[in-house]
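Here the protein sequences come in this chain order: A and B. Letter 299 of the first sequence, counting from 1, is numbered 299 in my numbering, and no numbers are missing. Here my numbering runs 10000 ahead of the position in the second sequence, where the first position is 1. Below you'll find the structure, written out as C-alpha cells, and then a few comments.
Protein chains: 2
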Amino acid sequence: MSYDFGLFPNMATKAHHLVVALAFTVLSGVLGFPLNQEKKDGVSCGYQSCHATKPNLLNVHLVPHTHDDVGWLKTVDQYFYGDRNDIQHAGVQYILDSVVDQLLKNPDRRFIYVETAFFYRWWKRQSSSMQQTVTQLVNEGRLEFVNGGWCMSDEAATHYSAVIDQMTMGLRFLNETFGLCGRPRVAWHIDPFGHAREHASIFAQMGYDGFFFGRLDYQDRARRMMEKEQELLWRASDSLTPPMADLFTGILPNGYNPPEGFCWDQLCDDPPIRDDPDLEDYNVDDVVQRFLLIANSQARVYKTNHIIMTMGSDFQYENANLWYKNLDKLIHYVNARQANGSNVNVLYSTPSCYLQELHRANLTWPMKTDDFFPYADDAHDFWTGYFTSRPALKRYERISNSNLQTCNQLEVLGGQASRKGPFGEGDSQTLRKAMAVAQHHDAVSGTAKQHVTNDYARRLANGWQHCQVLVSNSLASLSGSSAERVYCDYLNISVCSLTESSKKFTVSVYNPLARPVSWPVRLPVNGTAYNITDAKGRSVDCKVVPVSSATRGVRRTRGFAINELVFQVQAPPLGYSTYSVSLLKNGPPPASRQHGAPIVIQNKFLRATFDPDTGLLSSLSNLETKQAINLTQNFYWYNASNGHNSKSNQPSGAYIFRPNSSTPFIISKTARTESIQTSVVQEVRQWFAPWVSQVVRLYADSRALELEWTVGPLPIDDSLGKEVITRLDTSIKTSEFFYTDSNGREVLQRKKDFRPTWNLKQSEPIAGNYYPINSRAYIKDDLDQLTVVTDRSQGGGSIQNGSLEIMLHRRLLYDDVRGVGEPLNESSCIYPNGLVVRGRLLLSLDRPATAADTHRPLAQEVVLQPLLSFTDGQLDTNTRLEFSGLQAALPPAVHLLTLSQWDQELVLLRLEHQFQSWESKLNSQPVTVNLQKLFSTLDVLGVSELNLSANQWKDEMRRFEWTPQKEEKPLLKTFENPSVWEVTLRPMEIRTFLLRVSVR
Amino acid sequence: MSYDFGLFPNMATKAHHLVVALAFTVLSGVLGFPLNQEKKDGVSCGYQSCHATKPNLLNVHLVPHTHDDVGWLKTVDQYFYGDRNDIQHAGVQYILDSVVDQLLKNPDRRFIYVETAFFYRWWKRQSSSMQQTVTQLVNEGRLEFVNGGWCMSDEAATHYSAVIDQMTMGLRFLNETFGLCGRPRVAWHIDPFGHAREHASIFAQMGYDGFFFGRLDYQDRARRMMEKEQELLWRASDSLTPPMADLFTGILPNGYNPPEGFCWDQLCDDPPIRDDPDLEDYNVDDVVQRFLLIANSQARVYKTNHIIMTMGSDFQYENANLWYKNLDKLIHYVNARQANGSNVNVLYSTPSCYLQELHRANLTWPMKTDDFFPYADDAHDFWTGYFTSRPALKRYERISNSNLQTCNQLEVLGGQASRKGPFGEGDSQTLRKAMAVAQHHDAVSGTAKQHVTNDYARRLANGWQHCQVLVSNSLASLSGSSAERVYCDYLNISVCSLTESSKKFTVSVYNPLARPVSWPVRLPVNGTAYNITDAKGRSVDCKVVPVSSATRGVRRTRGFAINELVFQVQAPPLGYSTYSVSLLKNGPPPASRQHGAPIVIQNKFLRATFDPDTGLLSSLSNLETKQAINLTQNFYWYNASNGHNSKSNQPSGAYIFRPNSSTPFIISKTARTESIQTSVVQEVRQWFAPWVSQVVRLYADSRALELEWTVGPLPIDDSLGKEVITRLDTSIKTSEFFYTDSNGREVLQRKKDFRPTWNLKQSEPIAGNYYPINSRAYIKDDLDQLTVVTDRSQGGGSIQNGSLEIMLHRRLLYDDVRGVGEPLNESSCIYPNGLVVRGRLLLSLDRPATAADTHRPLAQEVVLQPLLSFTDGQLDTNTRLEFSGLQAALPPAVHLLTLSQWDQELVLLRLEHQFQSWESKLNSQPVTVNLQKLFSTLDVLGVSELNLSANQWKDEMRRFEWTPQKEEKPLLKTFENPSVWEVTLRPMEIRTFLLRVSVR
C-alpha cells in the first residue's frame, strides 16, 4: 500500500519492511492513506522522552546539534562525503556515523538532526541493522529530527511554493522512515539571514509547535534582551484566523553556537575538561565556575527558569565523542555543585523539550506581526545584498520551479505512461530534489561559492532533463503523437535552433495554471513572414520583429536568428494547445524606427509615454480606470564599499549591501531608442550603455507594461564594485511607505527608516531600507497603485517618496567576511568578462482597491509560465491538439498550488486562496471547490486532508496553545465544509489533500 | 603476588582482577615471578591472528597507526587531553576512544599502538567493561602493541640506561595489563631522526623480532631502493655473539605516512571514496586505479610479494571512522578487481604480520654493521643540530638519570622505610615516569617547543622532589639519623645556602657505582679556612679557592658565595660516607695568580701546559705512560644559515645544523687567564669573551683533565644565529678517522666524508660530518688516544686531521621548517638575555690499547655522579657515618646498571659488562659474579633471568632467525653459568634478573 514512488529508489525494499506495520486511518469514507502512523507500544519519543527538570533550579538545556549547510563552500555531495576538506573540513556521512555511535554510549545523550537532504543520503547507505538501531534511537527520543525539511531554506529569496515542496519532501521521508516519532515538533532556522513572516505562517500550518532561530537585527536583539522579549508569539498572517498562523518563536542565545569557552568540537580549540588529578592542568573547578557564570547571566535575559544552549555549530560532531565526553563531564561536575547549594541544573535536551518547559510555564508572550527583515549584525552590516546576489541563479531557480510544477502535473495527467514511454524513462524526483537543494539558505540566496552555485544550476539542469522525458511521454500519451519534442531553453536570449531553421513546425503550449491564460510567445526565426494556425485551425495574428541588438550581445555564439516571430497563444487550465507555424517568406528583417519625436506605446489597457529628449519613460496611464501617473525610469549603480571607510571596514559582498555613498551614479541621463509598433506588440528599445539596455514592451492583450532589462557585464576596469538598480520615480504620494511581498504571498507594509517593533537608529540610509521582493512590490497613495511584478527575487526599497528602486545585478571585488571567502564577481566560460543578466519587470497601474485583482493573477503567470515544446514538420492528423486536465477553470481566487503524484494510486493536491483578506472586494471572499468535479480525466475516489506539509492528518494536528500578552488566547476554529467533497478556502488559506484517483 | 608497586596507583584494584589467573613459572629453584603469562585458551594474538595472504598475488599490508609524540608542540598531557588545539589539533584520549569503537565494528580491522605513556593515561580512566573489551581486542590481535616503551625514544641524544628504563616501564605495564598478548613483537621507531646501533642492539636483546623505521639519509634510501636493500639484517654489536644483537630492520616506504592521495584522516584533505552512484563525483575507479599503480610501483623496490603501507601519521585516528570507513571500501573495491585479473591483494595488517610474511619468504638479507647517522633528508638538510640543541635540558636529563638510579638503589637498600619515613612519603615512580617521558624523540633531543621543554624539565624537577623524600628516608633508615637533609641542586653554579652560611655541617656522599670511587667536591662557602673530617674521623685535605667570576655571572641572584671549598671524598660501592665540615676562619678570599709566564698544571698522572702568549692549552702529557701531544683548544662559532642561500633555503634550527660557511669564527685568539694551584686542585681560568669562559682543572687524584666551559648568553644583536663549538687541535695523526659512542655504550668508527654502506656525495662539509656523542669521543693514532668524556649528549666531528670539535651551545633566529615552528632561541626568566650553559669535558690521554681502561670507568663516574646531601650542625654520635650496600666491589669490567624495587618482594637487577670485546686486554674478558654474595644487607632467595626489558623469561625468548646474504645463519649459543647463583658476563653483555630478596 505504501508504494515508494521512486523518490527514494534505493529505499524500496527497506521501506517496505518498515511500513508493514502501518496503521491505516479511515477518513472521509475512503481507505486511509499511507501516512506512517507507526509508533510502537512503550515507545516514548517526542515530549514524553524529555529528561526531568528541577522546578526550583535554573535548568540549562544543552542541545547537541550540527548545522549542515546543503551546499555553501562545498557542494552538497562534497559536504556529505567530506570531499574537498582543503576548502572546509566537513563530512556529513561521518557526523551521522559518529553521533549514532555516541548516542548508544549513554542513554541520557540527545542529538537533533535537521537537514533531510543529508540524512537521506546517509540512511540509504546503512545496513538494515544500523537502520534498526537508528530507528530505536528515534523511538526513544534520543535522536530527534527538528525542522526536517530537505534543507533549511533561505527566507528572503525563496518562493513559498518551492519552500512547501522542499519541506514536504523532507518530512515525507522522515514520516515514511520513522512514523510518528519522525515528525519534527519544532522548526529550526538557526542560520538564515533574516526571517520572513510567510515562513512562520507556513511552519504554523505544518503543525510545528514552535520555531527557533539565531539571527536578528542587533538593535532588535538588544531591546529584546533588555525586556526579556527574546521569546514571543509571531502572528504570521493578517488573513488566516488566529491561531492558524500563530507561531511561538524563540531567539537563541548565541546564534547557534555554544557559549564562549565551551566548544568541544574537533573544529574548536576550547580547553577540554581535564579531570584526572594525576595529570597536569586539572581544570574542573575553573570550567564549572565559568559555566555557572554564563548560565546565570543568560538567565537574566530570558523569562523562565529554563534556558537553552546550542552545543554545536557548522558541521560539528564529525567526531561526536569530543563533544559528548566533555558534556557528560560538564553535566556531572556542574550538577555535583547542587549539593553545595548551586542553583543550576544542566541536562541533555532538545529544542522541543525546552519548548515544552516554556509551554508548561504558562506565561503570556509578546506578540509580533511584522517580520525580521532586514537583518543587520552591526551598524554598517546590513545583509540586504543577498536579496539580489546571483540574479541569474535566482531566475533559473524560479523557472525550474515552474518546470517542476508542470512536470508534476503532467506526471499525474499522463499517468504511468509519463514515467516510461516512447522517449524513455523520465521522472520528476530528480528535479524535485534539485529544487529542494536549491532552496537552501546559501543556494538561491546567492551566497555560495561560485563552484557550488554552478553545482546548484547543474542539478536543476539535470533535473529538467529528467522531467523533459516525462513531459514528452506525458504529452505523447495525452496527444496521441510520439513525434519528437524539442524544448528551447534559451528563448529569453532568442536562441532555438529548430525555430531558426525550420520551415514548418508546431508549438505546443502547456499551461500549468488552473485557469485559461493567454501569453505572448517570441520565437527566434530567420524568415520575415509566417503563417500560424491554432488548434482549431484558425489563423493567428503574428508579427516578425528584428532581434534586439542587446540580445545579440547576450546570446554570444549560441544562435544567430535575426528576427523574432511574436504572437499570442492561449492554453486551457492544466492543459495544452498546439499551434502550427509555416514559413512564408525569407528576407531581411523589417526596419525599426529611430526616434526624435515623442513616443507612445499603448493597447486597450495601458499607455506609456516616453520623453523625446531623454528616451526615458515619462508617464503611465491605465485607460480603463482613466488614471495616469508621471513615471520616469532609469538605471543607476551604487559604488560598493571596498571596506576602507572611517565608519566601518565592512565591504559590500555576497551577503552584505553597503554602498559607499547614498547617491547612486546614473548610468546615462538619456537612452538611445528605437521603437517597433505592430498589432501584436509595441516596443521601445533603449540603450543606456554598452552594458545596460532595455525593451519596454506592451503586448496587445496585456494589462502590464513589460520592462525587459539586460544588464552586464558590469565594468570593473575602474576597480569599483557596482550594484545596479533600476528606479521608478513617480508622482505617487507615498508618505515613506511601500509594500513588498513575503515569499511571494502576503504583502507587508514597509516604512522608510522605521521598524514596527523597536526604535530604529538608522545607520545605513540605503542598505538599511532594503527589503526582499519575491514576486512583487508596490507603492501607492489614495488614488494610484503602481505594482511591479518581478520574475525572480530581488532587493529593493523606496528611498524617496514616490520612488521605488529594485536592485538588478551586483558585481563586487571584495569578500564581505561572512565566510564565503569570495568576492561576488560572476563570470563563466560563456561570459568571461562578467555575467550578463536579463530579466523582466511587469508594471501595472491600478486603483489601490482593485490592484490585487490584477497583480495576483499576473504574478502567478510569471511564477508558473507556459511550457513550450516544438515538433518539426507537421503532426499526424489524429494528434489531439488541445487538452485540459480540469473539468473547468477554478475560480479566480483559487490557485492550484500542487498537483503531484504521491504514490501509485494517490495524488497530492493543494488548493490555495490567493488573496489576502483585505485585498479585493471581488476576490477576498471564501470560495468553495468541489474536488470530485475537478479533473477531466481522473475520478476522485477518496480524499483526506492533511497539514500543509502532508505529514499529519489534518484532524490530528494538535499544536501547543499560547497566550499573547495583550489579548485572549485564540481558540482554533474549525470550519465545516459544505459537503464531503466540497472544500471552502478562505483568504490566504492553503488546503492540502491526498486524493485517491483512477483514470477515467 | 603481583603486587602493584605504586607505579600505577589507580590500577591497583583492577590489575588485581586481571592477574588472578596468572600462570607462574618456577625457575631457578624459586617461586616464579610475576610476569603476566596469561593467555586464554582459544586466544589468537600475535602472529596467529594475522589475516591470510595470497601467495600468488602482491599482498599489500595496510597498517592503521597513529604516531603520538610524547610531547612536542604541546606537552604530553596537553596531547593526551586534546588541550591547546590552537597549537596543534591532537587529542590522544579521543584517538584511543575512537579506535576501540571502530575496531569493534569490523573484526577484520587492525590497529597498532605504540606509546605506553599515553595508553597508560587512557587505560586508567576506563571502566572495567571497557577494559575487558580492550583486552578482548588485544587477545584477538585486533589491537596490537608495537614498540611499547613509555615513549618512542630519541636515538641520538639518549643514554642506553635511560632507554632501557623507559622501555622496561612501558613493556611492564603492557605485560601486567595484557599478559602474553600484550608483548610487542616489533620495534617501531618511525620518527626518530637517525638510528643508533645501540638502540638496535637493545631491541634485539629485548626480544623483538624486527624493527621498522621511517627516516634515513636520502642517498642511502635511493641506493637501497635501487638495490632492494630497504630490508636488511642489522648486526648491532661488535662484541655480542651473533645473533644476540642481530635485528631484522625494515625501512618503511613513505616515512610513516600513507601513500600520496590515500590519507583519510580528519587531518588530511584527500578525497574520500565516493561510491554512491546516485551522488556526484563517484570516484571508485579512479581510487582503485591510483592505488594499483602505487602498489605495483612500491613492489618494485622491495624484495618479496608483500609490501607494507603505513595508513596513519601524527596524532591521526582521533576520528578513526574516517580512516576505517574508507579503508574498508578500498579493500573491498581493490580486491574486487582480482576477478578481472588484478594482481593486488590488500588486507588489514600490522607490522608483525608483515614481518611474519617476510620471514616466511625465507630469503637472505643484506647485512649492516654501522649505524644510520647522520640523517639528511636533502643535500643541505642534515639533522645534526639536535645532537646539541638545548644543552641545558640535555644535561638536566642526564643528572636526573643519575638521581633516579640513586633513588632506585636507595629504595631497595632502605626497604619499606624509604617510601614512608620521617620525611613523609617518597617515591621513585614520579621521577621514573618523568625520565621515561624525557627520552622521547622530541624531548631530550631538544626539538620540542620552549613551553614543552619547560614542562619536561618541570617534570624532572618534580620527580626529583619525590625522590628526595625517598632518599632522605632511606638514608635516615640506613644511618639511624633523622636529621634534616638538604640537597643542593645548584652546586654547579656555586650556590648552596646551607654551606654558604653554616659554620658546622656534614656532607653525605652517596655512590651509585658498584665500586668505591673518589670524587672532588666543591662547596660554595664564605669562609677562608675549614676543617674537614671523614667518616672515620680522619682529617681531610681541603682548600678554599675564590669562586670563578664566570660563575658569578651565571648564578645571578641565587647565591653570593665568594669562595669554594674543595676536597676529595670517597664513598663505598652502593653506599655513602659522611664528612664533617667546620668553619675555621672568615675573611677575604685568597688571591689568584695573574699570568704572563708559562703555566703548567699537573698531578701525578697528567700535565697540561698553556701557551703564555695566548693563554690557550698547548700540550697534554700522560706522566705514567710518558706520552705527550700538542693540544690547542679554543672556542669558535659557526654562523647559522638564515636560509637565504643560493644552494638551498634551509636555515639552521632545532633539528638541522647548517653553517653558512665551513670556517667557524674564532671567539678570541687569546684568553685572559688566572691560575690557582693548591694541593687539592689546580686550575687555569680562561676568559675568551663576556659570554665564553672556561676553567681547566686538574684534581690531585684524577686521570682526566677537566675543561669546565661556560657559554652564553650567545649574543644575537648582530642578528646572526650562532653555534658554538670548542675545538681540540692535536698532533695526533688521525687519517680522517675518529670515534664516537652509540648511546653511551659501544664505540663506532667514523670517517670524514664517508659512509660505510654507500658512496657518499658530501654536500655539507661540516654538518655532514657531525655525529652524536653521548658520553665520549676520541681521536687516535698508533701511539696516542685522546678521549673526551662529555657530561651530556652533544654533536661533534673531526673536520681536520688531529682535530676534534664538539658543539656546546646553539642560539638560532630561524625555525628550520621541520614542524616545531620556533627558532631555537632559549631564554628564561632568570636568563632573559639568553641561556647560559655550563658543562664539563674530561680529557684523558692514553695508549690506544689501554685507553678504555680509563675512559670506561671515567664515563660511568660522569653518568652516575655522587649524590651529596647536607645536614646542618653536628650529627648524633650514634649515626652510622658509612655504609655500603654491596658485600664487595664488583670487578672493574662489571657495571651495576639497574637495582630497582620491582614489587614488594622482588628487585630488578641488571649487571653489565662495560667493555667491548676488543677494547682492553685487561677488561675485555668474561667475568663472573655471584648473585648470592652481592648485597651486604639483603639475602637473595631466588633469581630468574629475563630478557633485557624484563617482560619475558630469558629461556622463553624465541626470536625469528634470519639468514644474512653473505654468511651462514648464526645459531643462538647459550652459555652455561658456572652455577645457579653465578652469572658470567661477556663483553658488552647486559643480564637482567628478578631477585627475590629479604632484608638480612
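Glycine is no exception: its CB is placed at the ideal position from the N, C-alpha and C atoms. If you're wondering where the values come from, they're calculated on a predicted model, not measured in any experiment.
Check, Outcome
"Segment limits, beta strand (DSSP E) that includes ASP10328/B", "Note, ASP10328/B: premise wrong, no beta strand (DSSP E); alpha helix (DSSP H) at 10320-10336."
"Residues of the segment 10062-10093 of chain B whose Cβ lies closer than 9 Å to any Cβ of chain A, in chain order", "THR10075, VAL10076, ASP10077, GLN10078, PHE10080, TYR10081, GLY10082, ASP10083, ARG10084, ASN10085, ASP10086, ILE10087, HIS10089, GLY10091 and GLN10093"
"Which of helix, strand or coil DSSP assigns to GLU260/A", "coil"
"Cut-off 6 Å between Cβ atoms - residues of its own chain near VAL10301/B, not counting five sequence neighbours on either side", "MET10225"
"8 Å Cβ shell around GLN860/A - same chain, five flanking residues per side excluded", "LEU513, HIS895 and GLN914"
"Neighbour-count burial assignment, LYS10503/B, 16 or more Cβ in a 10 Å radius", "exposed"
"Contacts that GLN266/A makes with chain B (C-beta to C-beta distance below 9 Å)", "GLY10082, ASN10085, HIS10089, GLY10091, TYR10094, GLN10266, GLU10318 and ASN10319"
"Cα-Cα separation, ARG10811/B to GLU10723/B", "6 Å"
"Residue nearest to LEU232/A in terms of C-alpha spacing, selected from GLY421/A, LEU393/A, LYS449/A and THR364/A", "THR364/A"
"Near-chain B residues of the segment 272-304 of chain A (beta-carbon distance less than 9 Å), N- to C-terminal order", "PRO272, ILE273, ARG274, ASP275, ASP276, ASP278, LEU279, GLU280, ASP281 and ASN283"
"Within chain A, partners of ARG10432/B - CB distance below 8 Å", "The premise fails here: ARG10432/B is roughly 14 Å from chain A at the closest Cβ pair, so nothing lies under 8 Å."
"Runs of beta strand (DSSP E) lying entirely within the segment 10051-10083 of chain B, each at least 3 residues, in chain order", "10058-10064"
"Any chain A beta carbon closer than 7 Å to ASP10154/B", "no"
"Boundaries (first-last residue) of the beta strand (DSSP E) holding CYS10542/B", "10542-10546"
"LEU10322/B at chain A interface by Cβ criterion, 7 Å", "yes"
"Buried or exposed by the 16-neighbour rule on C-beta atoms within 10 Å, applied to CYS10829/B", "exposed"
"Counterpart residues of SER10621/B in DSSP-defined beta bridges", "ARG10607/B and ALA10628/B"
"Top-ranked residue by Cα proximity to ASN492/A, from GLY559/A, LEU875/A and ASN473/A", "GLY559/A"
"Short CB-CB distance (under 7 Å) between ASP97/A and chain B", "yes"
"Minimum C-alpha distance to SER10389/B - residue among ASN10454/B, VAL10943/B and SER10793/B", "SER10793/B"
"Any C-beta of chain A under 7 Å from that of ASP10717/B", "no"
"Within chain A, partners of ARG10125/B - CB distance below 9 Å", "ASP275 and ASP276"
"Test: ASP10269/B CB closer than 7 Å to a CB of chain A", "yes"
"Contact with chain D by ASP442/A, beta-carbon distance below 7 Å", "Although the question refers to chain D, the structure presented lacks it and instead comprises the protein chains A and B."
"Test: ASP101/A CB closer than 7 Å to a CB of chain B", "yes"
"Pair within 7 Å by beta-carbon distance, VAL284/A and TYR333/A", "yes"
"Straight-line Cα distance separating TRP687/A from GLY615/A", "9 Å"
"Length of the line joining the Cα atoms of THR10499/B and THR10453/B", "31 Å"
"For PRO524/A and HIS569/A, the rounded distance between their alpha carbons", "The residue asked about is misnamed: residue 569/A is Val in this sequence, not His. Each residue's alpha carbon lies about 16 Å from the other."
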